[in-house]
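Below you'll find the structure, written out as structure tokens, and then a few comments.
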Amino acid sequence: MASGTRERIMDVALQLFAERGVAATPVTAIEAAAGLSAGSGSFYRHFKDKQALLAAVVEREIALVRKDPAVPAAGTLAGQLLSDLDFLGRLRPLMTILMWERNRAPEVAEHVQQVMADRGVELGTAEELAVAPVEAVRADPQAAAAVMMSAMTGYFLTTEYFGRRPAGIDPQRFASTLARLLTG
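So, in structure tokens, the structure goes:
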């Protein structure tokens, strides 16, 4: 039962931290939303404090980042990029929390950035990209992977921030164009 309660607390915290930030989310609100008696101290049976909870939530979400999303049947770089845009959508709550907490918990943002950068480099050197890369990719695959990751994140965040796709370009068209830029 403890692991179920712990997971429930983390699920609720992910939602509340994304909506309000960690500082503006009292422990009693987390307890109440998790179905625990608010103010009973039940929270502290599972976590030392909110910072420990934040660390656990971030680590759980990072575990998702470390797993590659399912590669589309076509196995193309454009298909992988499109799949990654969907994957970024599943990470929306974590990204929101990082926006709230980047100044209060810079080590959390640093950790997530490193994991995502590592994943971007891994994807950037994927077999699909290695088949027919353009000269710039052959010359510096790590930089090309960083450009690819930045383009993907930029497209996603621009869509989220403004509530519409950049220049009205749909995800399929964006992913196909980025893949062509990288592979010629």
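The sequence shown begins at 1 in UniProt numbering and counts up one residue at a time.
Quick reminder that beta carbons are idealized off the backbone N, C-alpha and C, glycines included.
(message) Which residue wins for smallest C-alpha separation from threonine 153, given the options Arg180, Val108 and Leu82?
(response) Leu82
(request) Return yes when the Cβ of glutamate 101 is within less than 8 Å of the Cβ of methionine 112, no when it is not. (result) According to the sequence provided, residue 112 is valine. The question's methionine does not apply to it. Contact flag unset, no.
(message) Distance check for arginine 138 and residue 240, CA to CA, integer angstroms please.
(response) Outside the shown range of the chain, which is 1 to 184, sits residue 240, and nothing can be said about it.
(request) Kindly indicate which three-state DSSP category lysine 48 falls into: helix, strand or coil? (result) coil
(message) Which same chain residues end up closer than 8 Å to alanine 38 when comparing Cβ atoms and leaving out the 5 residues on each side of it in sequence?
(response) Thr28, Ala29, Glu31 and Ala32
(message) Tell me whether the stretch 83-94 and the stretch 57-65 touch, counting them as touching only if at least three CB pairs, one residue from each stretch, are closer than 8 Å.
(response) yes
(message) For threonine 5, tell me which candidate among Ala34, Lys48 and Leu182 has the shortest Cα-Cα distance.
(response) Ala34
(request) Find out if the Cβ-Cβ distance for the pair valine 134, glycine 79 is shorter than 8 Å. (result) no
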